[in-house]
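First up is the structure itself, then whatever we jot down about it.
Residue numbers (the numbering used here), protein chains in the order written: chain A, 59 to 489; chain B, 80 to 410.
If you want it as structure tokens, here you go:
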């Protein structure tokens, strides 16, 4: 099947395209970008994207999908639909499921579910240690053969520093990126909010900035020692980001992401015990928020992700500290990122890069995240002018736990293609 | 009881009804000096009741009050119970073990069940900060919630009875220096005291503790921070000692009880740093020899037992004000 998407404003930062042009898709690939169709191309279907943005499908570095083990929160059906409805075509699933993704069988399960559902791509980040228990390494070569795109211990502790060294060295010998969640569990001390004035007022167990910076400071020399490639997940502090930036300048193979809500919310948003603002890492200070925003354009942050964590109602109906952390965030990733353009933080190509080609580079997925000839035809079309108000009750995700209720956003996804197939289309008459 | 995830209004406005009258009593923070003074004045009128041969007033006759204690307490629960009985309310005590409510939904489930029994007020003590506010956000419109202590967050009736006690001894708060000594970090009492004292324009509020027992940015609550008794107690009019829980010794926060008492315990020698007429307070129960010497706790400057009696009057005042029956205490 040949599809042409004509007259759209194509934003493809990896290929330096930011102009009105047309895209030509044959089967699952983009075959040509330009004003006119390549010789012999006959479109079976033509889509007029005049007045709309055409960007690569979003690649989300972290989304919990509820499977396996947490089907009472969400499942791959609901969350895949939520993803493609919000322009996200690739989801990365961390291994802290139940059971933990530490063997090829769990990866096969997720791949099978993805094929059944047939919407977004799902990439698996597998466990670095068996059962995420921090002592015995997983069979990383087998996991890689099964399709994992990286390994992580998520928030789990390691038995000791030597296990960390071995795990990193072994991952490096199989050319696997290690996804590090920098949190020193001892310094975090069970804290659920940033340690500062708000936590002091509310009397909530607090996590100091040093929980993040100490963890980063500890792991960087081990990365240098092992030559491993590491991606730092969900940075929350400006200081932590600066440490990684310096390591990058020193030649270490490191990258970093931030979740979208850290660029918009601060500790103050939790100041009325709002459990929807209970996140891990916690929302930090205004200063951190500003530093992370600056980092987007100064080599501090490579990617923005959703850190999607859908929860059932009861998970958030409890005193703040005992609620489960996390935000249902798939459907606010693109709107928040576009808002950074409106607020003048990023240019439009810079914003698109943070959610498309940059995460693709971190994952080593050469044919995703851009719209060059030969790339996989994962893309979305956005009506940039539609104004709407965020209403979590209407989310496709089963998780309605969003602190962004009532926020005005501009720009909606009208079409999403995965592998050249139209997997999502809004009803044009609907608001 | 509503089942919505969206947060409600901020605590300050949530505590007042449309006419600016007290509806819930969750935290001192955000309440006006006028309202706090009204509570103190109503409590003064109720303190007379306790000295009369018939100690009951009919203000809350026909009202049902549940004391919900998710955390053990003897003194606070007893004074709330007695306060409710003196106001002629029907009062039920529920001691709910935390193991039964380790999952958050059970907390709200418990409340739904109680609400079905047409209660008018919940007095709540809970180990988690924000619990009282969570409950207040979800109860039916006619139900009032009084916070009897939530986690490390707030214990507003304790703070009010402390201020009441101070005011009886030293009526002009603006002229006073008040020092709060000990485990500020884990103390809901200290947080509420600081808000109450500052709202009522107390001259100076100090905290005295080692850094391990002080929360970050505590000075932003409006206190002067001291690490030594000699400096911190100098020229102080009121010394408030906090209870130091013994389990704090195991968490590497302090080296030993002995060293804590030597540096931050209140004995005669330490009290000598304060003004000669300084009063000594403690929210109880005191750990004698850990934070306070018996000679001081039982000494002439101690008002610790008065605090207990005053607690009754304050709780009667708050309960009657929340249920809109403030008039009759003077009888």
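Note that the Cβ used here is the ideal one computed from N, Cα and C, for glycine as well.
Residue burial classification, residue i (beta-carbon count within 10 angstroms, cutoff 16)
| i | result |
| --- | --- |
| residue 176 of chain B | exposed |
| residue 146 of chain A | buried |
| residue 374 of chain A | buried |
| residue 410 of chain B | Note that residue 410 of chain B scores 32 on pLDDT, short of 50, meaning its location in the model is unreliable and no value can be drawn from it. |
| residue 197 of chain B | exposed |
| residue 109 of chain A | exposed |
| residue 386 of chain B | buried |
| residue 489 of chain A | For residue 489 of chain A, the pLDDT reaches just 40, beneath the cut-off of 50, and the residue's location in the model is therefore unreliable, although a value from the coordinates is still provided. Flag for residue 489 of chain A reads exposed. |
| residue 309 of chain A | exposed |
| residue 353 of chain A | buried |
| residue 416 of chain A | buried |
| residue 235 of chain B | buried |
| residue 159 of chain A | buried |
| residue 265 of chain B | buried |
Within 8 Å, strictly: CB atoms of residue i and residue j
| i | j | result |
| --- | --- | --- |
| residue 276 of chain B | residue 257 of chain B | yes |
| residue 285 of chain A | residue 301 of chain A | no |
| residue 477 of chain A | residue 435 of chain A | yes |
| residue 192 of chain A | residue 214 of chain A | yes |
| residue 171 of chain A | residue 125 of chain A | yes |
| residue 186 of chain B | residue 399 of chain B | no |
| residue 365 of chain A | residue 295 of chain A | no |
| residue 389 of chain A | residue 475 of chain A | no |
| residue 378 of chain A | residue 322 of chain A | no |
| residue 254 of chain B | residue 263 of chain B | no |
| residue 461 of chain A | residue 372 of chain A | no |
Closer than 8 Å to chain B by CB, residue i
| i | result |
| --- | --- |
| residue 158 of chain A | no |
| residue 259 of chain A | yes |
| residue 128 of chain A | no |
| residue 379 of chain A | yes |
| residue 489 of chain A | Confidence at residue 489 of chain A is low in this model, with a pLDDT of 40, below 50, so its placement is unreliable and the value that follows should be read with caution. No, because no Cβ of chain B sits closer than 8 Å to the Cβ of residue 489 of chain A. |
| residue 322 of chain A | no |
| residue 376 of chain A | yes |
| residue 568 of chain A | The requested residue 568 of chain A is not part of the displayed model; chain A covers only 59 to 489. |
| residue 272 of chain A | no |
| residue 241 of chain A | no |
| residue 262 of chain A | yes |
| residue 467 of chain A | no |
Beta-bridge pairing of residue i - partner residues as DSSP gives them
| i | result |
| --- | --- |
| residue 118 of chain A | A/149 |
| residue 465 of chain A | Beta-bridge pairing links residue 465 of chain A to no other residue. |
| residue 200 of chain B | B/144 and B/223 |
| residue 480 of chain A | A/475 |
| residue 87 of chain A | A/84 and A/434 |
| residue 447 of chain A | A/466 |
| residue 173 of chain B | B/147 |
| residue 136 of chain A | Partner(s): none; residue 136 of chain A has no beta bridge. |
| residue 180 of chain A | A/149 |
Cutoff 8 Å: residue i Cβ touching any chain A Cβ
| i | result |
| --- | --- |
| residue 136 of chain B | no |
| residue 105 of chain B | no |
| residue 304 of chain B | no |
| residue 124 of chain B | no |
| residue 92 of chain B | no |
| residue 299 of chain B | yes |
| residue 80 of chain B | Per-residue confidence for residue 80 of chain B stands at a pLDDT of 48, beneath the threshold of 50, marking its modelled position as unreliable; the derived number appears in the next sentence. Answer no: the Cβ-Cβ gap between residue 80 of chain B and chain A never drops below 8 Å. |
| residue 377 of chain B | no |
| residue 346 of chain B | no |
| residue 294 of chain B | yes |
| residue 208 of chain B | yes |
| residue 230 of chain B | yes |
| residue 285 of chain B | no |
| residue 408 of chain B | Caution applies to residue 408 of chain B, whose pLDDT of 38 falls short of 50 and renders its modelled position unreliable; the model cannot decide the point. |
| residue 187 of chain B | yes |
Candidates the options: closest to residue i by CA position
| i | options | result |
| --- | --- | --- |
| residue 351 of chain A | A/297, A/376 and A/150 | A/297 |
| residue 379 of chain B | B/357, B/363 and B/364 | B/357 |
| residue 394 of chain A | A/417, A/365, A/345 and A/467 | A/467 |
| residue 293 of chain A | A/254, A/257 and A/340 | A/340 |
| residue 188 of chain A | A/210, A/206, A/179 and A/129 | A/210 |
| residue 238 of chain A | A/273, A/390, A/251 and A/231 | A/273 |
| residue 147 of chain B | B/259, B/312, B/99 and B/223 | B/223 |
| residue 463 of chain A | A/268, A/335 and A/114 | A/335 |
| residue 338 of chain A | A/231, A/151, A/265 and A/197 | A/265 |
| residue 121 of chain A | A/446, A/369 and A/406 | A/369 |
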